[in-house]
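Take a look at the structure below.
Chains as they are written, first to last, in the working numbering: chain A, 3 to 228; chain B, 2 to 297.
What follows is the structure, encoded as structure tokens:
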């Protein structure tokens, strides 16, 4: 295990780099939740971060997605600096802390509503993505009638539905049964083969090692490569 | 143009989500409607009883008179609890609706829309529009509910009667048309609710706690009421946000407040709204969306 503090050149001409986090620190309510974190993820790679609850994994994903702003350090996504060049990465799919869907609507209706913002994908595409994650596209029940596992699958469907170049997934299989975990792992592998850059966060090291090319450990806000 | 389309669609999603959130709070909305129907019934019966008791029935009060009474609010030096409670409940119900939007935006849907929208400013503007639409809809609902409660008791007439002149109160109301009164009450109430709604959501954003937004707005409402308990009226009183929604404290209904006209209140509310939108922009620009685990 070695401390990973490599200084990277996150300039836009480094087209092989998808995500570059440099000396990132973040304090929330007096607690240092990210402590001088450095991370480089190359395009098309799938990396995993594991660590105990409260170690800062989800905050790191929120920092990469632009939802949480750093106190010090920088984040570049596809060569653009978050907070300076762009507010949020433009080609991003995310499942962080479990998305809050409109409980009164069906899963498909929720996705239709969100997909209507960019209007990039068709109803047929939505059907396919629901199928892909193991949900019935014709299920008209409201999301509140879904099990936790079904909501998680819906969250994954939402994250991948617009074929993002970068996918951030926080505990995507925590509520799934073993078959469900294998199924979603196959989906992620397929996306990886298609060139999607994936950052996967989990407290389950085995799951991370099964899927990822590089494994990192997060502990008390510090990131270490294994 | 492309960004404008995206904004418009995201705005629709925000509105839909806010409305779904409001529907989930249908019990609160139902209670608000029932309370305002009861307020209408109470106002109608009160005026009917007064006109009968004082035998000033040269002209019986009209629907508009009771409507005025229902939305007059706690006037200066008034110790009567009914107008206070009616006015306060109106704010509490709205507070719950805005609290629901705050919860859904901060805890549940926090990143879904904003990541797709790609702009904190556009996200904030769409949220401001959502609050405005909910404030306007809520005001129309409670105005109509109050009218429903009044109509069975008093005569329908397009103008207010001379009842208030005969009673020696709110003489300026005499001769007003019901439409004029409706539009004054609607604009004062809705614009004040927009201000308090924005204030509430900004306190919530700043503290990351929905409850502090509700506490702040309720505290403001109580301050407005308490400082109006005495007969002394200070120059600064009209400037406290929330006062603008109290019709009976406006000139000419309140002769001691020559500076607080309906027009001034509306301008003041619009200025406050613009100011809160700009403050909100500054807050949202640096806001950390930290999710449900940190926003209880």
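C-beta atoms are modelled at their ideal positions from N, C-alpha and C, and glycine is treated no differently.
Just so it is clear, the structure is predicted and the values come from calculations on it, not from any experiment.
| query | result |
| --- | --- |
| Separation of residue 93(A) from residue 45(A), as counted between CA atoms | 13 Å |
| Same chain only: Cβ atoms within 8 Å of residue 164(A), ignoring 5 sequence neighbours per side | 95, 117, 120, 122 and 123 |
| Nearest candidate by alpha-carbon position, reference residue 196(B), set 159(B), 266(B), 170(B) and 261(B) | 266(B) |
| Residue of 74(A), 82(A), 27(A) and 32(A) minimising C-alpha distance to residue 59(A) | 27(A) |
| Members of the region 64-94 of chain A that neighbour chain B once the beta carbon cut-off is set at 9 Å | 64, 67, 68, 69, 70, 71, 88, 89, 90, 91, 92 and 94 |
| In chain order, each alpha helix (DSSP H) run of at least 4 residues that lies wholly inside the region 187-244 of chain B | 211-228 |
| Inter-residue Cα distance where the pair is residue 175(A) and residue 194(B) | 43 Å |
| Contact set between the region 17-28 of chain A and chain B, restricted to residues whose Cβ is under 9 Å from the partner | 28 |
| Test: residue 101(A) CB closer than 9 Å to a CB of chain C | No chain C appears in the structure shown, which is made up of the protein chains A and B. |
| Given 8 Å, three or more beta-carbon pairs between the region 120-129 of chain B and the region 271-286 of chain B | yes |
| Length-filtered (4 minimum) alpha helix (DSSP H) runs lying within the region 153-203 of chain A | 180-195 |
| Integer-rounded CB distance, given that residue 41(B) should sit under 8 Å from residue 71(B) | 6 Å |
| Candidates 198(B), 29(B) and 142(B), of which the one nearest residue 103(B) by Cα | 198(B) |
| Assigned secondary structure, residue 27(A) (DSSP; H/G/I helix, E/B strand, else coil) | strand |
| Minimum Cβ-Cβ distance from residue 37(A) to chain B less than 9 Å | no |
| Limits of the alpha helix (DSSP H) - the one that residue 260(B) falls within | Taken as a continuous stretch (DSSP letters only), residue 260(B) belongs to no alpha helix (DSSP H), as it is neither H nor E. |
| Residue 8(A) - DSSP class collapsed to helix/strand/coil | Annotation note: pLDDT 46 at residue 8(A) (below 50); position unreliable, no value reported. |
| Close beta carbons around residue 52(B), own chain, < 8 Å, minus the five adjacent residues each side | 58, 61, 62 and 164 |
| Beta-carbon neighbours of residue 117(B), restricted to chain A and to distances below 7 Å | 116, 119 and 120 |
| Rounded straight-line distance, which links the Cα of residue 49(A) to that of residue 195(A) | 14 Å |
| Chain B contact for residue 135(A) (CB, 9 Å cutoff) | no |
| Short Cβ contact (9 Å threshold) for residue 1(B) with residue 67(A) | There is simply no residue 1(B) to check, as chain B begins at 2 and stops at 297 in what is shown. |
| Contacting residues, own chain, Cβ-Cβ under 7 Å from residue 191(B) (five flanking each side not counted) | 136, 137 and 140 |
| Coarse secondary structure for residue 74(A), derived from DSSP in three states | strand |
| Straight-line Cα distance separating residue 251(B) from residue 297(B) | Its pLDDT being 36, under 50, residue 297(B) is placed unreliably in this model, and the value from its coordinates should be taken loosely. Rounded to the nearest angstrom, the two C-alpha atoms are 39 Å apart. |
| For residue 109(A), the three-state DSSP class (helix, strand or coil) | helix |
| Meets three-Cβ-pair contact criterion under 8 Å: the region 26-45 of chain B and the region 8-17 of chain B | no |
| C-alpha distance - residue 21(A) paired with residue 170(A), whole-angstrom precision | 11 Å |
| Given 8 Å, three or more beta-carbon pairs between the region 67-80 of chain A and the region 82-96 of chain B | no |
| Length of the line joining the Cα atoms of residue 148(A) and residue 192(A) | 26 Å |
| Residue 1(B) at chain A interface by Cβ criterion, 9 Å | Residue 1(B) lies beyond the range of chain B shown here (2 to 297); nothing can be said about it. |
| Residue 180(B) beta carbon less than 9 Å from that of residue 153(B) | no |
| Three-state secondary structure (DSSP) of residue 251(B) | coil |
| Three-state secondary structure (DSSP) of residue 26(B) | coil |
| Interface flag, residue 81(B) vs chain A, CB-CB below 9 Å | no |
| Residues, ordered as in the chain, of the region 117-139 of chain B that lie near chain A by beta-carbon distance below 8 Å | 117, 118, 119, 120 and 121 |
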